[in-house]
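A.B. asks: The listed protein sequences derive, respectively, from chains A and B. So the first sequence is numbered by this note's numbering: it starts at 1 and just counts up by one. So the second sequence is numbered by this note's numbering: it starts at 1 and just counts up by one. Even for Gly, the Cβ is constructed at its ideal location relative to N, Cα and C.
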Amino acid sequence: MKLARIALRNIRRNKRRSTLSASATAIASMAIVFMFSLISGMKEDMEKNISSYVSGHVRIREAQYNKYEHLNPLHLRITDYEKILPELSSDQRVEAFSARINFPTTIYREEELHRAMAVGLNFTTEVSFMDLESVIIRGRLPENGNNEVIIGFKLAEELGIGVDDRITLLATTMRKSINAMTFKIAGIAAFPIGSYNKTHLMIPLDRVQYLLRMDKSVTEILVKLNNPREAASFAEELNREFKTSGNTELEVQSWKNISIIYGFMSMAQVIYGFIALIFFLLASTVLINTTMMVIFERMREIGTIAAMGMTGKEIVRLFFYEAVFLSIVGAFAGLIVGVGITLPLSAYGLDFGAAMQGIDIEISDIIYPRLNLFSTIFVFFYAVVVSSLASLIPSTRAAKIQPVEALRYTG
Amino acid sequence: MSYFKALAYKIKQILGGIKMKKLFISIFIFFSPAAVLMGITPEEILERMLENQVHDTARIEGKMIIQDRFGKKTVTFVSWSRGEDNALIEFTSKYEAGQKILRNEDELYLYFPDAEEVIRLQGAALRQSVLGSDFSYEDMTGEKDLLDSYKVTLLGSEEVDGHDCYKLQLEAVSRNVPYPREILWVDKELFIYRKVHKFSLSGRLLKEMRITRFTRQNGKVIPVELLMEDKMKKNSSTEFIIQKIEIGIPIPEEKFSLRELTW
């Protein structure tokens, strides 16, 4: 306890040095807290976008559809989807579901043809699946049964069109013929996936079924679960049910089994992990470097206290205490500042739109950092442990030096 | 005519009692087209082939049987044409009913009953497939001005399905053509192409067209069944079948107008 009191007195005695040392810990802790939150926000964003726009947690398709997806095989469809939906709706594990038709289209505008992607969906039920209301920046959502669309704002800009304008869409029908229909722009959307804003249109499902001559059928049903971790078991169970009921042409896949998406998420995890590791290493370097510098700088002081009779072990413990106290203060301050920066950003978001230009991945232009209690506490203890342990290296070395040599030490 | 009379008289002198009627039949056989045209130019071959293909006016009812890797479908249509410049095709099959393609000289328009505007196709869009078939819009509405757009060379003679054919090579002299190079096998007797190969600029075979049946009408030999294969697609072919053809019938000019298209 005596050594702890001396350590505290030493910290108070040289405020500038102590502040510098604690600041290094604070900055490193703050940076890690922020980076962890940003990475967590990116992961959450990507998972949300993939589950809402691309695959759901579970996806039901005709078994051959994936194989021929590049050929737009609309005839490989789910014909009795209206029978499947009530079953999904009665399942407690299901949060929401969406029956859709994805298809490539060509927009005819002022004698020019522009390629685009379109999704036919039920706007009444889709609102709960991917919160479409929130993406409308002008106008409104289309109404089922009307020849209306919402269009990504960048595509609208490229075509020079706005709300209430009319566009004609050409598309290959289920029988590989061509059909065209004119639609009114009901709303302009800023989809969270940047690339969608340049390429996508969304149209009432019933109008798409008519345009593509698909009768009452869809190409896929996406399912969102209350607990996404149950996706694999849910998909397996549904597959079994379909087989039992004779629906052998349908295939249910968990989003982890949809190779491209899972591969992408795995790749993203690795990239995020790598970024976090680099930050950890950088922060650790700052912590170790600062602590060691501070101790080496005090070599003469170590020589003096050794000459006054303090043993080597006591010297090591003294500096260890100092490092612990300073790192606790620094790490705590870092957490406060880190949380202070992250919280407002988690509400307002960080716009990476310009940086993401031309990158076609399922990540939003605006990322909302997400604070994670576990990682924040972990960062606190990590900073304290690294700083404290870093003090042991120079202080152990200093304790072994003869007092006379330590007094002569010039660094 | 005097040449034939003199020739007949001479032959009559030589052969004695042969009747004039029989003589003229013999002359006709002797001077049959294949024989007469031993020294024919490639341009003349092409001209005679086009005479069979291009009609002052024509109304056709037909169908396309389109086969791809996923199955077969049939599309029916009615078409009206006037010379090389005007053609109107209206589809009548259930899922395509009311859709129309209009060609006026170099302009090509598509009409869809559910679209508020007529779509004018131009440039690369003309090379798109018609209703998923192996025909492009350019193929369907006919290649015009072949003699102006291509340099024609006679490569020799070859048999196609047992028929002796002139092998013609067409090399584009204008950029405004769908295929930079084509090879046509033109039947020496009937002056219809038996087979056509259409190539890309790099020399890759893009399409093969074969005539599988023809009919004679108004002194013309008219192909009524042909098979087109897009060599860029796997397991893909289109049978184009003319079920009824009327040629030389009156067709009002307005039939090929944009106003008529939207009716």
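1. My assumption, with CB atoms under 8 Å, is that Phe34 (chain A) sits in contact with Ile366 (chain A). Please give the rounded CB distance.
2. Mapping DSSP to helix, strand and coil, what is Lys67 (chain A)?
3. Between which two residues does the alpha helix (DSSP H) carrying Pro403 (chain A) extend?
4. Decide if Pro33 (chain B) is buried, meaning its Cβ has at least 16 other Cβ atoms within 10 Å, or exposed.
5. How about Phe191 (chain B): is its C-beta nearer than 9 Å to some C-beta of chain E?
6. Reducing DSSP to helix, strand and coil, say where Lys233 (chain B) ends up.
7. DSSP three-state call for Ile315 (chain A): helix, strand or coil?
8. Under 8 Å, with one C-beta from each stretch per pair, do the stretch 225-241 of chain A and the stretch 27-46 of chain A reach the 3-pair mark?
9. Is it true that the CB of Ala331 (chain A) sits closer than 9 Å to the CB of Phe380 (chain A)?
10. Report the neighbours of Val176 (chain A) on chain B: residues whose CB is nearer than 9 Å to its CB, in chain order.
11. May I have the straight-line CA-CA distance separating Val173 (chain B) from Asp230 (chain B), to the nearest angstrom?
12. Counting only the same chain and skipping the five closest in sequence on each side, list residues whose C-beta sits under 8 Å from that of Ile161 (chain A).
13. Using a Cβ cut-off of 9 Å, pull out every chain A residue sitting near Tyr95 (chain B), in sequence order please.
14. Between Leu141 (chain A) and the rest of its own chain, which residues show a CB-CB distance below 8 Å, the 5 nearest in sequence each way excluded?
15. Rounded C-beta distance between Glu148 (chain A) and Phe191 (chain A)? I'm assuming under 8 Å.
16. Whole angstroms is fine: what's the gap from Gly83 (chain B)'s alpha carbon to Pro104 (chain A)'s?
17. Using alpha carbons as the reference points, say which of A:Ala333, A:Ile6 and A:Glu47 lies closest to Met267 (chain A).
18. Using beta carbons (cut-off 9 Å, strictly below), is Glu260 (chain B) in contact with chain A?
19. For chain B, find out if any of its Cβ atoms is closer than 9 Å to the Cβ of Asn144 (chain A); answer yes or no.
20. Nearest to Ala180 (chain A) by CA position, among B:Phe77, B:Asp106 and B:Pro113, is which residue?
21. By the three-class DSSP mapping on this structure, what secondary structure does Glu47 (chain A) have?
22. Please state the DSSP three-state secondary structure of Asn239 (chain A).
23. Within a Cβ cutoff of 8 Å, which residues of the same chain sit near Leu225 (chain A), ignoring the five residues on either side of it in sequence?
24. When the cut-off is 9 Å and only beta carbons count, does Ile119 (chain B) lie next to chain A?
25. Kindly indicate if chain B contains any beta-carbon less than 9 Å away from that of Leu113 (chain A).
26. Give the residues of chain A in contact with Glu116 (chain B), contact being defined as C-beta atoms less than 8 Å apart.
27. Quick one: grab the DSSP three-state call for Ala189 (chain A).
28. Buried or exposed, going by whether 16 or more other CB atoms sit within 10 Å of the CB of Ala307 (chain A)?
29. Can you tell me which of the three DSSP states Leu113 (chain A) falls into?
30. At what residues does the beta strand (DSSP E) containing Ile40 (chain B) begin and finish?
31. Chain A partners of Ala125 (chain B), CB-CB under 8 Å?
32. How many angstroms separate the CA atom of Tyr210 (chain A) from the CA atom of Asn197 (chain A)?
33. For Glu96 (chain B), I'd like the list of residues in its chain whose CB is within less than 7 Å of its CB, leaving aside the five on either flank, ordered along the chain.
34. Give the DSSP-derived three-state secondary structure of Tyr108 (chain A) in the structure shown.
35. What's the C-alpha gap between Leu20 (chain A) and Gly353 (chain A)?
36. Following the continuous alpha helix (DSSP H) through Leu392 (chain A), name the residue where it begins and the one where it ends.
C.D. replies: With the given structure in hand:
1. Wrong, their Cβ atoms sit about 16 Å apart, outside the cutoff.
2. coil
3. Pro403 to Arg408
4. Summary for Pro33 (chain B): the model assigns pLDDT 44, below 50, so the residue's position carries little reliability, and this model does not support an answer.
5. Structure shown: chain E not included; protein chains present are A and B.
6. coil
7. helix
8. no
9. yes
10. Rather than Val, the amino acid found at residue 176 (chain A) in this sequence is Lys. Result: Ile66, Asp68, Phe70, Lys73, Ser129, Leu131, Gly132 and Ser133.
11. 24 Å
12. Arg109, Ile151, Ile167 and Ile185
13. Thr173, Met174, Arg175, Ser177, Asn179 and Arg213
14. Phe123, Val127, Leu132, Glu133, Ile150, Ala186 and Gly187
15. With a Cβ gap of about 17 Å, Glu148 (chain A) and Phe191 (chain A) do not count as contacting.
16. 37 Å
17. A:Glu47
18. no
19. no
20. B:Pro113
21. helix
22. helix
23. His57, Val58, Arg93, Val94, Glu95, Ala231 and Phe234
24. yes
25. yes
26. Arg166, Thr168 and Thr182
27. strand
28. exposed
29. strand
30. No beta strand (DSSP E) contains Ile40 (chain B), which DSSP labels as neither H nor E.
31. Leu113
32. 25 Å
33. Val75 and Leu131
34. strand
35. 36 Å
36. Leu373 to Lys400
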